[in-house]
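Down below is the structure, laid out as structure tokens.
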Amino acid sequence: EDQVTQSPEALRLQEGESSSLNCSYTVSGLRGLFWYRQDPGKGPEFLFTLYSAGEEKEKERLKATLTKKESFLHITAPKPEDSATYLCAVRNSGNTPLVFGKGTRLSVIA
Amino acid sequence: GAVVSQHPSWVICKSGTSVKIECRSLDFQATTMFWYRQFPKQSLMLMATSNEGSKATYEQGVEKDKFLINHASLTLSTLTVTSAHPEDSSFYICSADLSSSYEQYFGPGTRLTVT
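Residue numbers (our numbering), protein chains in the order written: chain B, 4 to 113; chain F, 5 to 119.
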């Protein structure tokens, strides 16, 4: 059974304090690992797709990396507007649903 | 690109009535769409997988007669909550598959309140 575990559950950072969120996964035949951002009362917003170990993607202050067992979402010099829940999900074949982790609630304090 | 819309964004209805929620992929065609439910401070719970032109596949524990799903075209899926009760009050989110990349894009969600 495919599984995704995210840690920590919650993270509180000072503005400018860089950190990383972890996503550990087990999946039979990884088709893709996905990161989303979700703000309260909104649907998840797509951030990144990673397809194979060693791949990295960047967007503004965010950088996602992938190994064969886990993915990291690195946040460099975060700002208060980066506060949100970050969701990690995996997919094992074309039409199967995403398997989500429970998310990491990030709070960035000015 | 890859924009998904939902309508309405919020709805209040009386117990016993039915409510329809629309999910549209605006700039791509989606063979497969998904419906989720989310309770406060909890993760997404998959309700059903909707394939264009065929019957939806429901997750265990989801009543197919209560949550009717129709995926009539490559850009539109609808979720109808029939005979709604207060316990059906929740945040409903749809998503659509971008088939070429396995990526899935989400709508903004619909807040349903049943009084």
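Yeah, the Cβ is synthetic: ideal placement off N, Cα and C, and Gly gets one too.
Residue i and residue j closer than 8 Å at C-beta
i: F/T119; j: F/I25; result: no
i: F/S22; j: F/A88; result: yes
i: F/S19; j: F/T79; result: no
i: B/A92; j: B/F75; result: no
i: F/Q42; j: F/G111; result: no
i: F/S54; j: F/H75; result: yes
i: F/V136; j: F/Y109; result: The first residue shown for chain F is 5 and the last is 119, placing residue 136 of chain F beyond what the model contains.
Three-way DSSP call (helix, strand, coil) for residue i in this model
i: B/E84; result: helix
i: B/E59; result: strand
i: B/E18; result: coil
i: B/E48; result: strand
i: F/D101; result: strand
i: B/E73; result: strand
Sequence-distant residues of the same chain with beta carbon closer than 6 Å to residue i, five excluded per side
i: B/R108; result: A13, T88
i: B/D16; result: Inspection of the sequence shows that residue 16 of chain B is occupied by Leu rather than by Asp. Contacts found: S22, P81, V111.
i: F/R115; result: W14, F95
i: F/K68; result: Y62
i: B/F51; result: W38, K60, A67
i: F/K70; result: T86
Burial state of residue i (16 or more Cβ within 10 Å)
i: F/T36; result: buried
i: B/P2; result: Within the shown structure, residues of chain B are numbered from 4 to 113, placing residue 2 of chain B beyond reach of any answer.
i: F/D101; result: buried
i: F/Q33; result: exposed
i: F/S99; result: buried
i: B/Q6; result: exposed
i: B/P100; result: buried
i: B/Y54; result: exposed
Same chain only: Cβ atoms within 7 Å of residue i, ignoring 5 sequence neighbours per side
i: B/A80; result: G19, S21, R64
Beta bridge counterpart(s) of residue i as assigned by DSSP
i: B/Q41; result: B/T88
Neighbourhood of residue i by C-beta, 8 Å cutoff - its chain only, sequence neighbours within 5 removed
i: B/A56; result: L69, T70, K71
i: F/S93; result: L116, T117, V118
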